[in-house]
Amino acid sequence: MAEDTGIPDWKELSGDAGLTSKHWRTRLSALQSLLALVDQSNVREGFLHVKLLDLLTFTLALSDTHSPVRKTAVECAGKIFCRMHDRLSISEVDQYFMGFLAISVDYDKEVQSAAAEVLSNSSILAGTQWLKEMIPRILCKFVSSALRVTMFRKAPKVPYFNGSSSPINIDVMVPALEGLVNIEQLCMSAANSKAIEEIGLQYLSLLVAALASLLEEYELSGDRVGTSKVLHLLRALGSSKYRQHIVLMISSELYEGAYLARLHRSSDLITDEILEILEKLDSLVTLKGIIVSLEDGFPPQVLKMPYEDNAEVGALCHIIKFLGIPSPLVVAINETRDKVEEEKFVKSTFFYLRVAKAVLKDVNGHMKYNDMVQDLALSCAALASADDGALSWITREVQELATDVVKCLAMTCIEFHHTSQSAKLKIDAGSSVERMILAMLPDVIPKLKNQLKDHLNTDDHNVSEVCSSSTRLASSITAAHQLCWCLKQVFHPHLSPSCTMIIPCALMALDHFSPHVKRQGLKLFNHLTDNLNPSELRWYEDPILDCITRSIVGCGELWPLLVQTAIPLAICIEGNNPRAVWYVWKILNEMLGELERHLLDATRYKVWLQNVSILFERMGLVLVVHFKRVLPLLFPWLHTQDDSMTLLVLDILKVIVTHTWPRIPFHLDRLWKELEAVYSKSVQKEKNSKVLSSVINVAQLLHMIGGPAFDSGLQEEEDSTTSLGSALADYLYRQTADVGVA
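In this text, residue positions in the sequence shown follow the working numbering: the first is 11, and each later residue adds one.
Here it is as structure tokens:
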């Protein structure tokens with residue numbers, strides 16, 4: 011200690027008994043003594059040096075584990091900074107100001123208050139002009155460091171800044187930037203509030219891009235601490251007054267690295283090296299940073315910013331451009347589709363949809379219905395319906411996210427509840443999505459019709475015509491997916507008022523030459539069957555059933571869906587009329603013909619057997635007309651190794667016998683022989699109780715229909731042989747005898 015002043019020197023302060031002691035109470039005592047000394051007017055200038063300020067700011071105030079130490083340290087640092095301000099360089103002033111900003115986001119409220127007071131005093135001392143210039147310098151300094159991700163890995167870890175030549179410490183800069191975001195609440199002076207306005211969109215975009223790049227690097231390297239800090243800062247940005255600036259980044263394309271590089275090429279704060287790195291920055295990386303800000307942040311309540319929907323509408327309009335599915339990906343088969351482009355589209359779409367969802371949540375209840383709403387809903391409908399067919403390569407995550415975006419969009423456009431159009435369509439119930447789609451139908455249906463009717467009808471095979479045809483086909487496929495998904499969101503009875511508008515458009519999809527479009531038409535009519543009244547479908551009876559019937563021939567992979575659609579649709583329209591032409595001579599006739607052309611296709615038969623029973627029940631005795639075709643198709647499948655197929659055939663035989671029993675005696679011998687063969691084979695197998703039970707049920711029905719003549723036949727067969735072939739007859743004879751005795 012110097013004898014003339016009694017003021018401790020640097021060695022005494024930084025020793026084990028002073029500010030760097032292992033005991034926090036010793037450190038606190040040393041800080042309190044230092045605080046008292048700094049207030050003395052006779053403190054010599056040599057005592058106030060950079061090393062002391064570094065130690066106070068970047069080690070004790072920022073990193074000490076005890077809040078009383080941090081609070082006292084920042085108070086000391088603030089007073090020393092004010093007294094040394096005139097002797098510090100601009101870079102040093104920036105450096106310490108960043109330290110105070112980092113301390114201002116301390117988890118302890120008292121430390122935050124102390125740092126806020128230091129910031130306010132320091133900014134007033136430095137002046138408004140310096141503060142306006144300092145903010146871009148800090149941002150650009152951080153951006154330059156964050157984009158040099160390899161340098162971060164190689165840079166040595168330092169506990170505090172040791173002069174302006176030290177490497178950037180992310181542990182300081184990330185919380186400092188968070189403090190900068192909240193500086194308006196920390197420093198309430200008029201000068202500061204004017205200076206804050208200088209953080210414009212171009213610098214904020216640069217900051218978000220750098221943070222997103224840094225987040226990507228931390229996640230790849232497994233740095234959980236760094237990841238947590240960057241995520242926290244991005245969320246702070248999304249919860250601040252700059253939230254709308256982040257939304258504006260979308261419509262202004264400021265998430266594109268190349269665009270940002272061009273914007274800052276004339277800046278003296280960004281070097282050419284950083285501009286080159288920025289140009290190569292993946293836009294999806296920046297989009298991820300935007301998503302974190304908008305999804306995890308929340309609209310600021312303290313600032314009460316006036317609502318302006320221009321930013322949100324502009325962002326959504328920009329996003330719509332990237333949600334359209336490229337034609338080559340729509341029309342290409344799985345083997346020839348460009349997997350790189352496919353993966354790129356799915357990944358980018360996932361990010362754009364997340365941004366759209368976050369933006370829509372900000373404008374809940376404020377957006378007006380317009381063409382943008384319509385386009386966004388249709389774009390999402392195509393993505394949400396991609397569960398099969400030409401768009402089955404789109405991932406489940408994208409489909410679910412697209413559905414969520416439509417729900418958010420419907421909640422946003424609250425005018426669907428009150429518009430005159432809604433009243434005209436009697437939209438008085440159902441979900442918000444139903445109301446939105448019903449209100450959209452008068453505008454959407456004509457557009458989709460135009461796309462669906464543009465069939466491939468040219469014989470010219472030159473390159474331009476082929477390309478044009480491919481584009482038209484892709485447009486038709488997309489339109490079919492959009493139409494199907496939209497209408498499947500509306501249920502009975504809300505579809506009825508619009509049925510005259512819906513059914514003609516649905517028929518165009520059903521009658522399309524492309525299997526992908528026809529698939530969506532079949533799915534749509536399946537939905538209409540369940541959600542329209544039969545009388546409404548009967549208005550278009552002949553066109554609908556004729557189109558369905560013609561679709562059966564050569565349907566290929568559409569067979570399962572076609573059977574599941576055609577049978578319920580025909581029953582809904584024809585009702586209980588067993589002699590209906592579409593029952594007897596059209597639909598069933600074409601189905602039998604298709605089965606006869608694929609005699610060995612077990613899958614095709616299984617689908618048909620699972621669905622045809624209800625049609626046979628409705629036809630009743632009229633089914634006898636087709637016995638010569640139906641029974642020969644069924645009998646071979648009774649004897650397969652697949653028990654499930656055998657059970658299905660037995661169930662169908664039971665339905666046939668039950669509903670055509672007056673004519674069964676004429677076919678009794680053949681039916682009995684087939685049942686005997688199945689019974690004999692099943693007896694020899696183990697664990698075949700279900701098949702045996704089904705065979706016995708059908709045999710008992712035949713016994714009931716055959717009457718006394720059938721009983722005498724059983725007796726003769728039982729007396730004539732003791733082979734397994736008579737096992738079924740023996741069983742029924744014994745059952746009959748037991749009943750007679752009883």
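Ideal Cβ positions, reconstructed from N, Cα and C, are used throughout, including at glycine.
Only counting the same chain, and skipping five residues up and downstream in sequence, which positions put a Cβ closer than 8 Å to that of residue i?
| i | result |
| --- | --- |
| Asp49 | Lys89 |
| Leu462 | Ser486, Ala489, Ala490, Leu493, Cys515, Met518, Ala519, His522, Val527 |
| Val365 | Ile260, Leu297, Ile300, Ile301, Leu304, Ala325, Ile329 |
| Asp104 | Met144, Arg147, Ile148, Lys151 |
| Tyr593 | Ala580, Glu584, Asn587, Leu625, Arg628, Met629, Val632 |
| Asp398 | Arg529 |
Taking 6 Å as the limit between beta carbons, can you name the residues of its chain near residue i, skipping five residues before and five after?
| i | result |
| --- | --- |
| Asp116 | Gln122 |
| Glu604 | Ile562 |
| Leu411 | Leu363 |
| Leu1 | With the chain covering only 11 through 752, there is no way to say anything about residue 1. |
| Lys596 | Thr559 |
| Lys3 | Residue 3 is absent from the structure shown; the chain starts at 11 and stops at 752. |
| Val634 | Thr670, Arg673 |
| Phe501 | Asn541 |
| Pro169 | Since pLDDT at Pro169 reaches only 39, below the 50 mark, its modelled position is unreliable, and the value read off the structure follows with that caveat. The residues are Thr69. |
In three-state terms, what does DSSP make of residue i?
| i | result |
| --- | --- |
| Thr359 | helix |
| Thr422 | helix |
| His504 | coil |
| Thr346 | coil |
| Pro642 | helix |
| Lys533 | helix |
| Ile330 | helix |
| Phe107 | helix |
| Val659 | helix |
| Met144 | helix |
| Lys463 | coil |
| Glu263 | coil |
| Phe523 | coil |
| Cys515 | helix |
| His59 | coil |
| Leu29 | coil |
| Val622 | coil |
| Met377 | coil |
| Ala366 | helix |
| Ile193 | helix |
| Ser654 | helix |
| Gly564 | coil |
| His491 | helix |
| Tyr689 | helix |
| Thr670 | coil |
| Asp414 | helix |
Could you check which residue in the options has the C-alpha nearest to that of residue i?
| i | options | result |
| --- | --- | --- |
| Ser524 | Thr510, Thr488, Cys509 | Thr488 |
| Val527 | Leu458, Ala590, Pro578, Glu584 | Leu458 |
| His522 | Asn460, Val500, Ala27 | Asn460 |
| Val705 | Leu712, Tyr689, Gln42 | Tyr689 |
| Leu217 | Leu70, Cys494, Val191 | Val191 |
| Leu497 | Ala484, Ala387, Leu555 | Ala387 |
| Lys371 | Ile335, Asn344, Gln254, Arg406 | Gln254 |
| Leu285 | His649, Asp381, Tyr269, Ala325 | Tyr269 |
| Tyr615 | Val408, Arg245, Met601, Glu627 | Met601 |
| Leu451 | Ser508, Ser480, Val415, Lys417 | Ser508 |
| Met108 | Phe645, Asn179, Leu538, Asp118 | Asn179 |
| Ile583 | Asn543, Lys638, Val153, Gly566 | Asn543 |
| Ile193 | Arg406, Ala112, His59 | Ala112 |
| Val323 | Gly236, Pro336, Met382, Val184 | Met382 |
| Leu625 | Asp653, Thr656, Pro588, Glu85 | Pro588 |
| Arg37 | Pro456, Asp26, Leu47 | Asp26 |
| Gln499 | Arg548, Asp552, Ala420 | Ala420 |
So residue i packs on residue j, CB below 8 Å; how close in whole Å?
| i | j | result |
| --- | --- | --- |
| Val240 | Tyr252 | At roughly 16 Å, the Cβ-Cβ gap does not stay under 8 Å, so Val240 and Tyr252 are not in contact. |
| Ile256 | Ser303 | 5 Å |
| Val665 | Val617 | Not really, about 17 Å apart at Cβ, beyond 8 Å. |
| Tyr550 | Ile513 | 5 Å |
| Val659 | Leu712 | Not confirmed; about 15 Å, so no contact. |
Tell me which residues share the same chain as residue i and place their Cβ nearer than 7 Å to its Cβ, disregarding the 5 neighbours each side in the sequence.
| i | result |
| --- | --- |
| Ser358 | Leu294, Phe332 |
| Ile404 | Val356, Leu393, Ala396 |
| Leu279 | Pro146, Arg147, Cys150 |
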